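In what follows, a single structure is set out as structure tokens and then discussed.
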Amino acid sequence: MMSLPFLLFACGLAAGWTSRREAAMGFWVAGVLVLLVLFRFHATDVLNLGL
Amino acid sequence: MTPDLSRLLNALGLVAVDTVLVLAFADQLWFRDLPCPICILQRAGFIAAGFGIALNLIFGPRPSHYGLAILGAVVGGIMSADQVLHYIVPGSGSYGNAIFGLHLYSWALIMFVAIVGGCGVMLLFDRQYESSGPPPLSQVTLPILAVALLALLAVGNVLSTLAICGVGLCPEAPGGYLIFHENLGLAQGTAP
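Going line by line, the protein sequences match chains A and C. If you read the first sequence in this note's numbering, its first letter stands for residue 7, the second for the next number, and so on. If you read the second sequence in this note's numbering, its first letter stands for residue 4, the second for the next number, and so on.
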């Protein structure tokens with residue numbers, strides 16, 4: 007699960023390398039979305055700050 | 004700024020991102036400093052930011068590619084800022100080794116801000132978007148190496164993260180390479 011963003015970015019770079027720009031950007035978007043979801047799962051502690 | 008200078012600066016920027024990821028691997032493998040889950044996500048943030056720079060090198064500079072780099076750096080920066088805020092109060096602890104007085108998540112935040120700033124400066128120069136003929140081989144060697152290294156580091160992080168976390172979510176404080184422990188039946192509570 008945690009390796010999924012890296013896998014998507016690697017696929018995107020491979021797509022870019024083979025001149026498929028739209029596919030590369032699609033993989034990037036998918037990778038960032040997965041990254042944000044994983045961050046939501048892991049960032050569960052409340053910050054002890056007075057803002 | 005000419006397209007050639009833009010290509011060189013993008014290549015140097017991507018080499019800087021690659022260097023950060025290589026140093027993170029060195030810290031993990033050489034000093035046995037296993038990354039926490041948020042640290043792993045910050046590595047992915049660096050690859051997301053480097054991705055936009057890599058597209059600049061593959062397809063030529065475009066504002067949309069700089070946009071990807073900036074958005075990737077913002078996402079990574081949010082994660083490193085979250086971790087910095089966790090430990091910002093004196094006495095609240097830290098995670099991992101400090102390098103030159105700062106922990107890796109603090110360096111990461113500085114780097115993410117630098118990427119945003121660098122892309123912002125690069126976006127100021129419109130002449131880089133003018134089409135030019137194919138560059139000579141001497142000018143594409145560094146970009147090719149930088150993009151290839153980023154791809155290699157992305158694949159390396161797939162393997163490393165699988166080794167540390169297995170196929171699920173990572174433990175909050177990884178104590179070893181989970182996949183090897185599980186395969187060998189050495190995970191906590193299962194060892195004889």
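Positions of the beta carbon are idealized from the N, C-alpha and C atoms, including for glycine. Everything numeric in this text was worked out from a predicted model, so none of it was measured.
- Residue ranges of uninterrupted beta strand (DSSP E) with 3 or more members are absent from the segment 117–170 of chain C; none lies entirely inside it.
- Counting only residues of its own chain and dropping the five nearest sequence neighbours on each side, Leu44 of chain C has a CB closer than 7 Å to the CB of Met82.
- Here DSSP, grouped into helix, strand and coil, assigns Ala29 of chain C to helix.
- Annotated three-state conformation of Leu105 of chain C is strand, per DSSP.
- Within chain A, the residues Met8, Ser9, Phe12 have their CB atoms less than 8 Å from the CB of Thr164 of chain C, given in chain order.
- For the segment 53–99 of chain C, there is no continuous beta strand (DSSP E) assignment of 3+ residues that stays within its boundaries.
- Taking a contact to require three or more Cβ pairs closer than 8 Å, the segment 134–150 of chain C and the segment 50–57 of chain A do not qualify as touching.
- Your pair Phe45 of chain A and Phe33 of chain A does not check out as a contact, with CB atoms roughly 18 Å apart and the cut at 8 Å.
- Taking C-beta separations shorter than 7 Å and ignoring five residues to either side along the sequence, the partners of Ala72 of chain C in its chain run Ala52, Gly55, Ile56, Ile118, Cys122, following chain order.
- In the DSSP annotation of this structure, the continuous segment of the alpha helix (DSSP H) that includes Met31 of chain A starts and ends at 27–48.
- For the options C:Cys39, C:Leu8, C:Met125, C:Leu24, the alpha carbon positioned closest to that of Tyr180 of chain C is the one of C:Cys39.
- Its Cα nearest to that of Tyr108 of chain C, the residue C:Ala27 stands out among C:Leu12, C:Pro138, C:Leu8, C:Ala27.
- When DSSP states are grouped into helix, strand and coil, Ala21 of chain A belongs to the helix group.
- The contact set of Asp85 of chain C on chain A, defined by CB atoms closer than 7 Å, consists of Ala49 in chain order.
- Within the same chain, Cβ atoms closer than 7 Å to the Cβ of Ala157 of chain C are found at Ile50, the five residues on either side in sequence being excluded.
- Of the residues assessed, Ile113 of chain C falls on the exposed side of the cut-off, its CB having fewer than 16 other CB atoms within 10 angstroms.
- Residues Pro11, Leu14, Phe15, Gly18 of the same chain have their beta carbon placed closer than 7 Å to that of Gly37 of chain A, with the five preceding and five following residues left out of the count.
- In this model, Val23 of chain C and Leu152 of chain C are separated by some 12 Å (Cα to Cα).
- Between Met114 of chain C and chain A, the shortest Cβ-Cβ separation is not below 7 Å.
- Here Phe115 of chain C carries a helix assignment [DSSP, helix/strand/coil].
- C:Leu60 is the residue among C:Leu60, C:Asp36, C:Asp21 whose C-alpha sits nearest the C-alpha of Asn13 of chain C.
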